[in-house]
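Some notes on the structure that comes next.
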Amino acid sequence: MKKIILSGDRPTGRLHVGHYVGSLKRRVELQNSGTFDKIYIMIADAQALTDNASNPEKIRQNIIEVALDYLSIGLDPEKCTIFIQSQIPELCELSFYYMNLVTVSRLQRNPTVKTEIQMRNFETSIPVGFFTYPISQASDITAFKATTVPAGEDQEPMLEQTREIVRRFNATYGEVLVEPEILLPDNSACLRLPGTDGKAKMSKSLGNCIYLSDDAEEVRKRIMTMFTDPGHLRVEDPGKIEGNTVFTYLDAFCRPEHFAAYLPDYPNLDELKAHYRRGGLGDVKVKKFLNSVLQEELEPIRARRKEFEQDIPEIYRILKRGCEAAREVAASTLSDVRKAMRIDYFDDAELIAGQAESFKKKG
Ligand code: TRP
14 MKKIILSGDR PTGRLHVGHY VGSLKRRVEL QNSGTFDKIY IMIADAQALT DNASNPEKIR
74 QNIIEVALDY LSIGLDPEKC TIFIQSQIPE LCELSFYYMN LVTVSRLQRN PTVKTEIQMR
134 NFETSIPVGF FTYPISQASD ITAFKATTVP AGEDQEPMLE QTREIVRRFN ATYGEVLVEP
194 EILLPDNSAC LRLPGTDGKA KMSKSLGNCI YLSDDAEEVR KRIMTMFTDP GHLRVEDPGK
254 IEGNTVFTYL DAFCRPEHFA AYLPDYPNLD ELKAHYRRGG LGDVKVKKFL NSVLQEELEP
314 IRARRKEFEQ DIPEIYRILK RGCEAAREVA ASTLSDVRKA MRIDYFDDAE LIAGQAESFK
374 KKG
């Protein structure tokens, strides 16, 4: 069986380092590993509209930001297909059929959707489109017969829902769809990178994000004001590592060679943590180290973004080509789906001949 990746992001803003360690970095590694037959990267504008119906301009403006982020981290349109969800109408058609295979109570149990409903204060006024977006996500994945979805932990319920739809579809209509699996980050700090204020979720409205496109000074400021251990008041005090955002970020980003380059007094992260726990190590020193580590990672991304920003029309041409390629694949899956569901009436000579025969007999 072919190995196929599909993943994507809602274009509600620029992408941040949480997206980067949670999924983006992995996608680039997988792209460059050459072990996948196809890679589809989708800008999920239609999904973003499910809770931004009254603000389509925000989504429209952010498509280019996400595309620039993709290209600047090293996703290469020669090696992967980058496309925009709303330009593939086949995805809607698939969703319409999948909706018959899912119950309302099953959707209500989705923990990610539950949390999102709370975060948005929807309470009883949940848009139907938002409520059903896990079904639309199953269409995104299955339209491309994806086997692998590199994504963060919060996407696991969507994958579970997708696998259920696939099993239900295949059992009812015949083996057409492929069951995908999620590919989570293997480093636990990357599973859910906290905001710079220590809060669980990075979000624009909380102002606790580090964006891939932030300039060096913005990144430095965010790090220098990062949440640490509130009990660690004086340098001599023993400090806590658990829940200390600076150390969580170091867990996610730092490699042994960073010590030789920026903090040669310590051989590795374990020794740095041990010193912090014992007391005698100040927050500023650790933050400066994190700043060096993060700037090293982000600087080439920023530099590439600046280049891509010079030719925006070309980015739209890349996206258009991606949409055309993606649409062909989705249309081919849809044709299999229609055939399996036997709603391909005009291609069904047997149906037409059989009915012609039986009506003739009736006279
Ligand atoms: N839900 C994803 C997000 O919030 C975006 C998305 C839409 C997606 N369809 C997908 C991710 C399919 C992986 C696979 O960013």
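If you read the sequence shown in this note's numbering, its first letter stands for residue 14, the second for the next number, and so on. The beta carbon of each residue, even a glycine, is placed where N, CA and C say it ideally should be.
Simplified DSSP state of residue i, which is helix, strand or coil
i: T25; result: coil
i: I95; result: strand
i: S454; result: No answer is possible for residue 454: the residues shown for the chain start at 14 and end at 376.
i: Y279; result: coil
i: P198; result: coil
i: P193; result: coil
i: P102; result: coil
i: P313; result: helix
Boundaries (first-last residue) of the alpha helix (DSSP H) holding residue i
i: Y275; result: P269 to Y275
i: P326; result: I325 to M354
i: T175; result: E169 to Y186
i: P69; result: P69 to I86
i: M237; result: A229 to M237
i: R40; result: K38 to S46
i: K374; result: A362 to K375
i: L219; result: Segment: none, L219 is in no alpha helix (DSSP H) and carries neither H nor E.
i: K266; result: Residue 266 is actually Phe in this sequence, not Lys. Start and end: T258 to F266.
Residue interval of the beta strand (DSSP E) (run including residue i)
i: M55; result: K51 to I56
i: V162; result: T161 to P163
Supposed contact pair residue j and residue i - C-beta distance, whole angstroms, cut 8 Å
i: R27; j: Y224; result: 5 Å
i: D242; j: N257; result: 5 Å
i: V350; j: L107; result: 7 Å
i: P193; j: I130; result: P193 to I130, Cβ: 25 Å. No contact.
i: D22; j: H29; result: The pair is not a contact, with the Cβ atoms about 11 Å apart (cut-off 8 Å).
i: G142; j: T63; result: 4 Å
i: M239; j: K300; result: 6 Å
i: S20; j: S36; result: 6 Å
i: F144; j: L120; result: 6 Å
i: T328; j: I17; result: Here the sequence assigns Ile to residue 328, which means Thr is not the residue at that position. Between I17 and I328 the Cβ distance is about 24 Å, and since that is not below 8 Å, they are no contact.
(Q) Under 8 Å, with one C-beta from each stretch per pair, do the segment 177-193 and the segment 83-92 reach the 3-pair mark? (A) Contact between the segment 177-193 and the segment 83-92 is absent: fewer than three C-beta pairs spanning the two stretches fall below 8 Å.
Q: Return the chain-ordered ranges of every alpha helix (DSSP H) run that is complete within the segment 117-147 and spans a minimum of 4 residues.
A: Counting only runs of 4 or more residues that sit fully inside the segment 117-147, the alpha helix (DSSP H) segments are 117-121, 124-132 and 141-144, in chain order.
Q. Touching or not, the segment 340-359 and the segment 91-105, by the rule of three or more beta carbon pairs under 8 Å?
A. Two segments are said to touch when three or more pairs of C-beta atoms, one from each, lie closer than 8 Å; by this definition the segment 340-359 touches the segment 91-105.
Q.
Below 8 Å, how does it come out for the segment 286-303 and the segment 246-254: are there three or more Cβ pairs, yes or no?
A. Yes: at least three Cβ pairs fall under 8 Å.
Q) Three or more beta-carbon pairs under 8 Å between the segment 300-318 and the segment 64-73, yes or no? A) A contact is defined here as three or more CB-CB pairs under 8 Å, and the segment 300-318 fails this definition with respect to the segment 64-73.
Q) Are the segment 148-162 and the segment 46-65 in contact at 8 Å, needing three or more beta carbon pairs? A) With a cut-off of 8 Å, the segment 46-65 and the segment 148-162 count as touching, because enough Cβ pairs lie within range.
Q. So does the segment 57-64 actually touch the segment 143-156, counting three or more Cβ pairs closer than 8 Å?
A. When Cβ pairs closer than 8 Å are counted between the two stretches, the segment 57-64 is seen to touch the segment 143-156, the count reaching three or more.
Q) Does the segment 202-213 come close enough to the segment 162-171 that 3 or more CB-CB pairs lie under 8 Å? A) A contact exists between the segment 162-171 and the segment 202-213.
**Q.** Contact the segment 113-129 vs the segment 168-176: 3+ CB pairs below 8 Å
**A.** A contact exists between the segment 113-129 and the segment 168-176.
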